[in-house]
Ligand code: PHE
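Numbering (UniProt numbering), first residue to last: 1 to 446.
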């Protein structure tokens with residue numbers, strides 16, 4: 001069985017795939033929105049600290065567990081704690097279900113992005129009725145584009161690790177960066193942009209210890225690094241034994257944080273540019289008027305006010321969102337697919353279609369019961385599932401594993417790790433600080 005297991009063929013391939021999973025709607029939509037509604041630069045400041053000091057160590061725990069296990073999350077956790085097979089199953093399977101449920105709502109939002117990418121094309125080609133249909137939320141439109149997005153995800157995952165995940169991440173991630181920089185260059189030349197930059201970059205330090213801000217920032221960091229979903233365990237399992245995990249994980253974290261930060265350089269100034277053009281964004285006391293509708297009302301209003309070039313910018317922006325979503329959604333589908341393939345011996349193509357199909361059905365149920373289910377599934381997965389499972393992964397690595405075995409796994413590919421700062425503090429982190437901090441934030445959010 002193990003000889004047919006996929007593996008990333010290069011460091012670059014792994015970095016693009018894991019960064020592709022991490023960089024998604026959470027970075028380009030979630031982070032700027034949270035920043036705008038949590039007092040601007042103070043949130044950015046706290047986020048940066050938490051991302052590096054708490055999320056990165058927790059991320060490393062998942063990568064190490066995966067690389068050691070060379071298997072899906074359930075099997076990998078069982079290898080660490082052979083005397084606790086039920087506990088390992090609960091955490092590993094819980095993560096897999098969490099990934100599948102996240103995909104079920106993520107695909108709906110990504111479907112909106114796809115239809116918004118096509119709308120400017122319909123306008124340019126004079127298909128007015130089609131453009132209106134694409135721009136207007138309807139059951140038919142949402143079902144169609146959710147299904148389409150899940151099918152794209154299935155198409156990539158059915159091809160496996162090297163020819164699917166790695167190949168497409170290597171193409172899509174650089175494209176995403178290119179579009180992002182072009183859009184920033186454009187927005188920063190517009191009137192109002194400097195005011196936006198100031199709000200984004202000059203922190204109000206009195207806000208930094210606001211508990212709501214801390215909770216939002218940690219939640220955002222967890223979502224952004226795809227933690228607590230078993231995704232990073234499975235991606236870790238595809239890393240060769242001679243690679244340096246510590247630096248690979250650090251690259252991925254840096255890219256993830258960098259893209260969130262850069263997306264803020266686009267979205268926050270864009271909000272002020274839109275305001276300078278008469279679009280209402282902030283209320284009189286400076287709070288964000290429409291948190292949920294930033295992407296679908298504020299930005300389209302801005303694009304509209306630009307005339308014809310606005311169509312090009314809108315197309316580029318929503319293509320960027322769709323690409324970011326796709327490299328994340330493939331990682332969510334890989335979690336249950338790898339488990340099914342390895343555990344039940346099913347072939348990858350069948351497993352991918354079967355699980356993709358089930359997730360599509362769940363998405364449809366959410367679309368039909370949008371007002372009651374959409375927010376519920378998001379809260380269930382991102383506020384409960386991810387922190388809890390992420391915390392248990394730290395507990396597995398910190399408490400249930402022999403310290404010298406943990407050390408041996410990190411040592412493979414990292415000569416002299418015993419002398420590094422990482423080694424001196426990281427084991428304490430995953431043993432005490434990460435689980436405690438996560439538990440604190442978790443109970444706070446209850
Ligand atoms: N990290 C992704 C984003 O920021 C979302 C994600 C969550 C991906 C969980 C995989 C697993 O959009």
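C-beta: ideal position from N, C-alpha, C; glycine also.
A check of alpha carbon separations from residue 251 across 275, 71, 11, 5 identifies 11 as the nearest. Using a 10 angstroms sphere on the CB of residue 65, the tally of other CB atoms reaches 16 or more, which defines it as buried. Put simply, of 97, 77, 99, 83 the residue whose alpha carbon is nearest the alpha carbon of residue 89 is 77. Nearest Cα to residue 430 within the set 42, 8, 55: 55. In the three-state reduction of the DSSP assignment, residue 282 falls in the strand class, which pools E and B. The C-beta distance from residue 385 to residue 438 rounds to 12 Å, too long to fall under 8 Å, and the pair is not in contact. If you draw a 10 Å sphere on the C-beta of residue 20, you find 16 or more other C-beta atoms in it, and that means buried.
Taking a contact to require three or more Cβ pairs closer than 8 Å, the stretch 80–94 and the stretch 390–405 qualify as touching.
Leaving aside the five residues that flank residue 121 on each side, the residues in its chain whose CB is nearer than 7 Å to its CB run, in chain order, 315. Using a Cβ-Cβ distance cut-off of 8 Å, the stretch 186–195 and the stretch 27–42 are not in contact, since fewer than three pairs of beta carbons, one from each stretch, lie closer than that value. Under the Cβ criterion (8 Å, minimum of three pairs), the stretch 200–210 counts as touching the stretch 252–272.
Spatial neighbours of residue 223 in its own chain (CB-CB distance under 6 Å, excluding positions within 5 residues in sequence) are listed in chain order as 26, 382. Between residue 444 and residue 211, the C-beta gap is smaller than 8 Å, which places the two residues in contact. CA-CA distance, residue 423 to residue 351, rounds to 39 Å. Around the C-beta of residue 421, fewer than 16 other C-beta atoms lie within 10 Å, and the residue is accordingly described as exposed. A contact is defined here as three or more CB-CB pairs under 8 Å, and the stretch 300–312 fails this definition with respect to the stretch 92–107. When C-alpha distances from residue 335 are compared across 50, 62, 43, the shortest belongs to 62. Here DSSP, grouped into helix, strand and coil, assigns residue 423 to helix.
Between the C-alpha atoms of residue 163 and residue 24 there is a straight-line separation of about 21 Å. A check of alpha carbon separations from residue 218 across 407, 48, 339 identifies 48 as the nearest.
For the 8 Å CB-CB criterion, residue 8 and residue 238 form a contact. With a cutoff of 8 Å on beta-carbon distance, residue 226 and residue 96 are scored as not near each other. In chain order, the residues that have a beta carbon nearer than 6 Å to some heavy atom of ligand 1 are 21, 22, 24, 25, 26, 27, 99, 102, 223, 224, 226, 229, 231, 328, 331, 332. Counting every other CB atom within 10 Å of its CB across the protein chains shown gives residue 171 a total below 16, marking it as exposed. Note on the stretch 369–401: whole alpha helix (DSSP H) runs with a minimum of 4 residues are 370–378, 386–395, in chain order. For the set 326, 333, 22, 206, the Cα lying nearest the Cα of residue 42 is the one of 206. One thing to note: residue 299 has its Cβ no nearer than 8 Å to the Cβ of residue 153. If you look at residue 61, you'll find it in the alpha helix (DSSP H) that goes 56–69. The C-alpha of residue 435 lies about 34 Å from the C-alpha of residue 360.
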